[in-house]
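Engineer: This structure is in structure tokens; I'll ask about it shortly.
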Amino acid sequence: MKVVVADKITQRGIDLLREPGWEVVLPGAGALAAELADADALVVRSATRVTDELLEQAPRLRVIGRAGVGVDNIDLNAATRRGILVMNTPGGNATSVAEHTLALLLALARLVPQLNAAIHAGRWEKSGAPGIELRGKTLGLVGFGRVGSEVAR
Numbered sequence: 002m003k004v005v006v007a008d009k010i011t012q013r014g015i016d017l018l019r020e021p022g023w024e025v026v027l028p029g030a031g032a033l034a035a036e037l038a039d040a041d042a043l044v045v046r047s048a049t050r051v052t053d054e055l056l057e058q059a060p061r062l063r064v065i066g067r068a069g070v071g072v073d074n075i076d077l078n079a080a081t082r083r084g085i086l087v088m089n090t091p092g093g094n095a096t097s098v099a100e101h102t103l104a105l106l107l108a109l110a111r112l113v114p115q116l117n118a119a120i121h122a123g124r125w126e127k128s129g130a131p132g133i134e135l136r137g138k139t140l141g142l143v144g145f146g147r148v149g150s151e152v153a154r
């Protein structure tokens, strides 16, 4: 089985694809269509647009794996017409997004953007408390899907 990995993924991900003995190809710029000519599977992230025209170049393609949540970069109608299964990884980034949410929350509470701007402007502002403490505060979550649940934990 030939798997074309169009966008950058971790080495661990590539190793997992190679484990069953599959041929894994990482095409260079401009080589994607040529590599898809005899490919069975395609792995993309958000950088590659999988269009009807690109799928025309992939007569053996049976599956597209989206390493991420959204599939807006994949022509789902064209894939469906060709019998190509499209998969994504819902929830795969929930922990990363939740951690980023907490990082932004802390940055805003401690005025990190404002203090960073002041430092870049040549001002070291030591007076006054740097923002607010979160201890004792109540955090309200709007939405309690995968990311909201992870933030709550």
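Residue numbers (the working numbering): 2 to 154.
C-beta atoms are modelled at their ideal positions from N, C-alpha and C, and glycine is treated no differently.
#1: Here's the rule: buried if 16 or more other CB atoms are within 10 angstroms of the residue's CB, otherwise exposed. What is A59?
#2: Are the CB atoms of A35 and D53 within a distance shorter than 8 Å?
#3: Determine which residues share a DSSP beta bridge with M2 and list them.
#4: Helix, strand or coil for G66, going by three-state DSSP, please let me know.
#5: If you count every other CB in all the chains shown that lies within 10 Å of the CB of A48, and 16 or more means buried, which is it?
#6: Tell me which residues share the same chain as D41 and place their Cβ nearer than 8 Å to its Cβ, disregarding the 5 neighbours each side in the sequence.
#7: Using only alpha-carbon positions, find the residue among V152, E20, I133 that is nearest to L142.
#8: At which residues does the beta strand (DSSP E) containing E24 begin and terminate?
Structural biologist: With the structure as the only source:
#1: Sixteen is the threshold: when 16 or more other Cβ atoms of the shown chains lie within 10 Å of the Cβ of A59, as they do, the residue is buried.
#2: no
#3: Answer is none; M2 lacks a bridge partner.
#4: Shown here, G66 sits in a strand according to DSSP, grouped into three states.
#5: exposed
#6: M2, K3, V4, R61, L62, R63, V64
#7: V152
#8: Unbroken beta strand (DSSP E) run through E24: 24-26.
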